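S.K.: If you read the sequence shown in full-length UniProt numbering, its first letter stands for residue 1, the second for the next number, and so on.
One structure is given below, represented as structure tokens, and several questions about it will come after.
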Amino acid sequence: MEKETKERFRDSIATIDESGKRNFIFPKKPKGRFYNYRTIVSWILLAFLIAAPFIKIKGNQFLLFNVLERKFHIFGFPFWPQDFHLLVISMLVSVVFIILFTVVFGRIFCGWMCPQTIFMEMVFRKVEYLIEGDRAKQIKLDKQKWDAEKIRKRILKWFIFFIISFIISNVFLAYIIGSDNVMGYITDGPVAHLSTLVYLLVFTGVFYFVFAWFREQVCIIVCPYGRLQGVLLDNKSINVAYDFVRGEGENGRKKLRKDENRDELGYGDCIDCKQCVQVCPTGIDIRNGTQLECINCTACIDACDDIMDKSGFDRGLIRYASEDNIEKKEKFKFNARLIAYSVILTILIGVLVTMLFLRNDVEATILRLPGQTFQSTDTTIKNVYTVKLINKTTEAIEDVEIKLISHKGTVDLVGGNLNIAKQALQGGTLFIEINKKDLNSSKEKLEIGIYSKGKLIETTKTNFMGPIKIK
1 MEKETKERFR DSIATIDESG KRNFIFPKKP KGRFYNYRTI VSWILLAFLI AAPFIKIKGN
61 QFLLFNVLER KFHIFGFPFW PQDFHLLVIS MLVSVVFIIL FTVVFGRIFC GWMCPQTIFM
121 EMVFRKVEYL IEGDRAKQIK LDKQKWDAEK IRKRILKWFI FFIISFIISN VFLAYIIGSD
181 NVMGYITDGP VAHLSTLVYL LVFTGVFYFV FAWFREQVCI IVCPYGRLQG VLLDNKSINV
241 AYDFVRGEGE NGRKKLRKDE NRDELGYGDC IDCKQCVQVC PTGIDIRNGT QLECINCTAC
301 IDACDDIMDK SGFDRGLIRY ASEDNIEKKE KFKFNARLIA YSVILTILIG VLVTMLFLRN
361 DVEATILRLP GQTFQSTDTT IKNVYTVKLI NKTTEAIEDV EIKLISHKGT VDLVGGNLNI
421 AKQALQGGTL FIEINKKDLN SSKEKLEIGI YSKGKLIETT KTNFMGPIKI K
């Protein structure tokens, strides 16, 4: 019965009451060393997020994910749909890295780097504290009738939330269509781009809904990463954890009393102040152990350390630790599982780096013109082709010439040599003519070279068709 009572918390979540209605969380404003560190990290990441689409490297946006026009820039390097294989390898690297990182460090990403947490706790929550006050004042205001004070504070908060959501939407739009286009839309005015404004307001509404109402439910219900913990974490994974050995003692936790010898009475260092619960943004009790709702934000660590200082106990009752470290005093060490993940990750990174180094600056595609057969004379056979050249670099490629490498013959590019603008696709038509005596079958594989100012920059292959009997 005792075990059943202790495990009852797992049957429901803190944000839903017994009738199924939403329990809104009013966390106490955190303070402490970890919160200060998180604040610094958050402002750095926010600055990067806002600045990245406006940074240009050789004219390229630092980060661009223009799915509509199929333009992608990663750290200033342009990528094309033809580089999809690099995206696949990159995603595999990311997945294995997330698995390895989670197995070792738990959900630390959620507390320190996740955009949802950063925007919620370091932007919107700070606005809320500024307007409505700390936990007690927020609870009082929530229960208060809709008088002048409540209306004034709520409208002001909602208005600021909407403005912030609108700014966030514009920043994300810059990642999709490009910062230059966004600035152009702003200069032209909203009337000139009504369709874009509608999409922008829809995204603004989504962001507003998430941060003004849905909040921690994103982490608890929507985000799949939290649910991965069940299969990725083990007793050796480092998490924000409550030291139940030290905190519970032999007879459990108990309120602090003056001049009481807790060691002799068998009580642990936890004085059941519930500060760790009040400060939690997802409303859980960290003392119940590892839970899906925990985002490892460290707010409970700071709150507990503050109470330990005031109570005369050592810090670290709640800290970054694994279950084995708490229960068995075992230090972290690599096991077979971690070694296997590390080896796989190293191999994938090696493959990705190699593919990036081998990535060509020019992508060439030469295909026979559909519906056209070969042309035959007494001594030669001629085929007609379409050619597509993609310049992936940040500089124009001039005086592009196409030559045969594998066979003797002539290549006649309609319109003469090509000039390809930076990050552009150039198409054309060409004729390839080969002497019959140089052909051995009705279908030959040709190797073709792409030259710029006499320098070979790319090779490609295509088929050359002729009569069944060549000779």
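We put the beta carbon where it would ideally sit given N, CA and C, even for glycine.
Quantities reported herein were computed from a predicted structural model and do not represent experimental measurements.
Below 8 Å on the Cβ atoms is my guess for Ile-432 versus Leu-404; work out the distance and round it to an integer in Å.
M.R.: Along the sequence shown, one-based indexing puts residue 432 at 432. Along the sequence shown, one-based indexing puts residue 404 at 404. About 7 Å; that satisfies the 8 Å criterion.
S.K.: Once DSSP output is grouped into helix, strand and coil, what is the label at Lys-422?
M.R.: By one-based count along the sequence shown, residue 422 stands at place 422. In the structure shown, Lys-422 sits in coil (DSSP, three-state: anything other than H, G, I, E or B).
S.K.: Is the Cβ of Leu-352 closer than 8 Å to any Cβ of chain D?
M.R.: The structure shown has no chain D; it contains just one protein chain.
S.K.: Could you give the first and the last residue of the continuous beta strand (DSSP E) run that contains Thr-460?
M.R.: Position 460 of the sequence shown holds residue 460. Residues 455 to 465.
S.K.: Under DSSP, the alpha helix (DSSP H) around Val-362 begins and ends at which residues?
M.R.: By 1-based counting over the sequence shown, the position of residue 362 is 362. Element bounds for Val-362: not the alpha helix (DSSP H) but the beta strand (DSSP E), 362 to 368.
S.K.: Can you give, in chain order, each stretch of the alpha helix (DSSP H) that sits fully within the stretch 69 to 120 and has at least 4 residues?
M.R.: Correct list: 84 to 105, 108 to 112, 115 to 119.
S.K.: Just tell me which of Lys-140, Gly-178, Ile-164, Cys-300 has its CA closest to the CA of His-73.
M.R.: Indexing the sequence shown from 1 puts residue 73 at position 73. Of the candidates Lys-140, Gly-178, Ile-164, Cys-300, the one whose C-alpha sits nearest the C-alpha of His-73 is Gly-178.
S.K.: Do you know offhand how far Gly-205's Cα is from Lys-29's?
M.R.: On the sequence shown, residue 205 is found 205 positions in, with the first residue counted as 1. On the sequence shown, residue 29 is found 29 positions in, with the first residue counted as 1. Between Gly-205 and Lys-29, the C-alpha separation is close to 26 Å.
S.K.: Of the choices Ile-238, Ile-402, Ser-42, Ala-336, whose alpha-carbon is the least far from that of Ala-364?
M.R.: Along the sequence shown, one-based indexing puts residue 364 at 364. Ranking the options by Cα distance to Ala-364, first place goes to Ile-402.
S.K.: Which of the three DSSP states, helix, strand or coil, is assigned to Asn-235?
M.R.: Locating residue 235 in the sequence shown gives position 235, counting from the first residue. Coil, per DSSP.
S.K.: Return helix, strand or coil for Ser-165, following the three-state DSSP convention.
M.R.: Sequence index remark: in the sequence shown, residue 165 carries index 165 (1-based). If DSSP states are grouped into helix, strand and coil, Ser-165 belongs with the helices.
S.K.: Using only alpha-carbon positions, find the residue among Thr-386, Ile-390, Ala-396 that is nearest to residue 473.
M.R.: The chain is shown from 1 up to 471; residue 473 falls before or after that span and cannot be answered.
S.K.: Between which two residues does the beta strand (DSSP E) carrying Val-384 extend?
M.R.: Taking the first residue of the sequence shown as 1, we reach residue 384 at position 384. Run containing Val-384: 380 to 391, per the beta strand (DSSP E) assignment.
S.K.: Whole-angstrom Cβ separation of Gly-466 and Leu-439, contact assumed at under 8 Å?
M.R.: On the sequence shown, residue 466 is found 466 positions in, with the first residue counted as 1. On the sequence shown, residue 439 is found 439 positions in, with the first residue counted as 1. With a Cβ gap of about 6 Å, Gly-466 and Leu-439 count as contacting.
S.K.: DSSP three-state label for Arg-22, please.
M.R.: As a working note, residue 22 is residue 22 in the sequence shown. Correct three-state label for Arg-22: strand.
S.K.: Of the choices Val-171, Ile-89, Ala-212, whose alpha-carbon is the least far from that of Glu-65?
M.R.: Here residue 65 refers to the residue found at position 65 when the sequence shown is read from its first residue. The identity of residue 65 in the sequence shown is Phe, whereas the question assumes Glu. Comparing Cα-Cα distances from Phe-65 to each of Val-171, Ile-89, Ala-212, the minimum goes to Val-171.
S.K.: What is the DSSP secondary structure of Ile-295, counted as helix, strand or coil?
M.R.: Counting from 1 along the sequence shown, the entry for residue 295 is found at position 295. Correct three-state label for Ile-295: coil.
S.K.: Who pairs with Ser-311 in a beta bridge, going by DSSP?
M.R.: Within the sequence shown, numbered from 1, the residue matching residue 311 stands at position 311. According to DSSP, Ser-311 bridges with nothing at all.
S.K.: Hey, is the stretch 289 to 296 in contact with the stretch 260 to 274, meaning 3+ C-beta pairs nearer than 8 Å?
M.R.: No, they do not touch.
S.K.: Inspect the beta-carbon positions of Lys-153 and Glu-132 and report whether they are closer than 8 Å.
M.R.: Position 153 of the sequence shown, counted from the first residue, corresponds to residue 153. Position 132 of the sequence shown, counted from the first residue, corresponds to residue 132. Their beta carbons are under 8 Å apart, which means Lys-153 touches Glu-132 by this criterion.
S.K.: Buried or exposed: where does Pro-27 fall if 16 or more other Cβ atoms within 10 Å of its Cβ makes it buried?
M.R.: Locating residue 27 in the sequence shown gives position 27, where the first residue counts as 1. Per the 10 Å Cβ criterion, buried.
S.K.: Please identify the residue among Phe-62, Lys-140, Ile-366, Ala-241 whose C-alpha is closest to the C-alpha of Thr-460.
M.R.: In the sequence shown, residue 460 corresponds to position 460, counting from 1. For the residues Phe-62, Lys-140, Ile-366, Ala-241, the minimum Cα distance to Thr-460 belongs to Ile-366.
S.K.: Exposed or buried, which one is Lys-3 when buried takes at least 16 other CB atoms within 10 Å?
M.R.: In the sequence shown, residue 3 corresponds to position 3, counting from 1. Since pLDDT at Lys-3 reaches only 49, below the 50 mark, its modelled position is unreliable, and the value read off the structure follows with that caveat. By the neighbour-count rule (16 or more Cβ atoms within 10 Å), Lys-3 is not buried but exposed.
S.K.: Would DSSP call Arg-246 helix, strand or coil?
M.R.: Position 246 of the sequence shown, counting from 1, holds the residue named residue 246. DSSP places Arg-246 in helix when its eight states are reduced to three.
S.K.: Leaving aside the five residues before and after Ile-118 along the sequence, list all residues of the same chain whose C-beta is less than 7 Å from its C-beta, in chain order.
M.R.: Your numbering for residue 118 matches position 118 in the sequence shown. So the qualifying residues of the chain are Ser-42, Leu-45, Leu-46.
S.K.: Quick one, are the C-beta atoms of Lys-255 and Asp-272 less than 8 Å apart?
M.R.: Here residue 255 is taken as the residue at index 255 of the sequence shown, counted from 1. Here residue 272 is taken as the residue at index 272 of the sequence shown, counted from 1. In contact: Lys-255 and Asp-272 (Cβ atoms closer than 8 Å).
S.K.: Where does Ile-151 sit, in a helix, a strand or coil, going by DSSP?
M.R.: Along the sequence shown, one-based indexing puts residue 151 at 151. Helix, per DSSP.
S.K.: Using the DSSP secondary-structure output, state which residues sit across from Arg-319 in a beta bridge.
M.R.: Stepping through the sequence shown from its first residue, residue 319 is reached at position 319. According to DSSP, which records beta bridges pairwise, Arg-319 is partnered with Ala-241.
S.K.: Quick check on this structure: which residue in Phe-24, Asp-361, Cys-270 has the alpha carbon closest to the alpha carbon of Arg-135?
M.R.: On the sequence shown, position 135 is the one that residue 135 refers to. Ranking Phe-24, Asp-361, Cys-270 by Cα distance to Arg-135 puts Phe-24 first.
S.K.: I'd like the list of long-range same chain contacts for Met-1, defined as Cβ closer than 8 Å, with 5 residues on each side in sequence excluded.
M.R.: In the sequence shown, residue 1 corresponds to position 1, counting from 1. Any reading at Met-1 is ruled out, since the residue's pLDDT is 40, under 50, leaving its predicted position unreliable.
S.K.: Pick helix, strand or coil for residue 519, following the three-state DSSP scheme.
M.R.: Look at the range of the chain in this structure, 1 to 471, and you will see that residue 519 is not part of it.
S.K.: Please classify Gln-375: does DSSP put it in a helix, a strand, or coil?
M.R.: As a position in the sequence shown, residue 375 is number 375, starting the count at 1. Of the three classes helix, strand and coil, the one that applies to Gln-375 here is strand, per DSSP.
S.K.: Could you tell me how far apart the beta carbons of Val-400 and Ile-448 are, in whole angstroms, since I believe they sit closer than 8 Å?
M.R.: Numbered from 1 along the sequence shown, position 400 holds the residue referred to as residue 400. Numbered from 1 along the sequence shown, position 448 holds the residue referred to as residue 448. With a Cβ gap of about 12 Å, Val-400 and Ile-448 do not count as contacting.
S.K.: Along the chain, where does the beta strand (DSSP E) that runs through Thr-410 open and close?
M.R.: Taking the first residue of the sequence shown as position 1, residue 410 is located at position 410. Note, Thr-410: beta strand (DSSP E), 410 to 413.
S.K.: With a Cβ-Cβ cutoff of 8 Å, do Leu-345 and Val-104 count as a contact?
M.R.: As a working mapping, residue 345 is identified with position 345 in the sequence shown. As a working mapping, residue 104 is identified with position 104 in the sequence shown. No, Cβ-Cβ distance for Leu-345 and Val-104 is not below 8 Å.
S.K.: Counting C-beta neighbours from all protein chains within 10 Å, is the total for Ser-19 16 or more, i.e. buried, or is it exposed?
M.R.: Here residue 19 is taken as the residue at index 19 of the sequence shown, counted from 1. Burial call: exposed.
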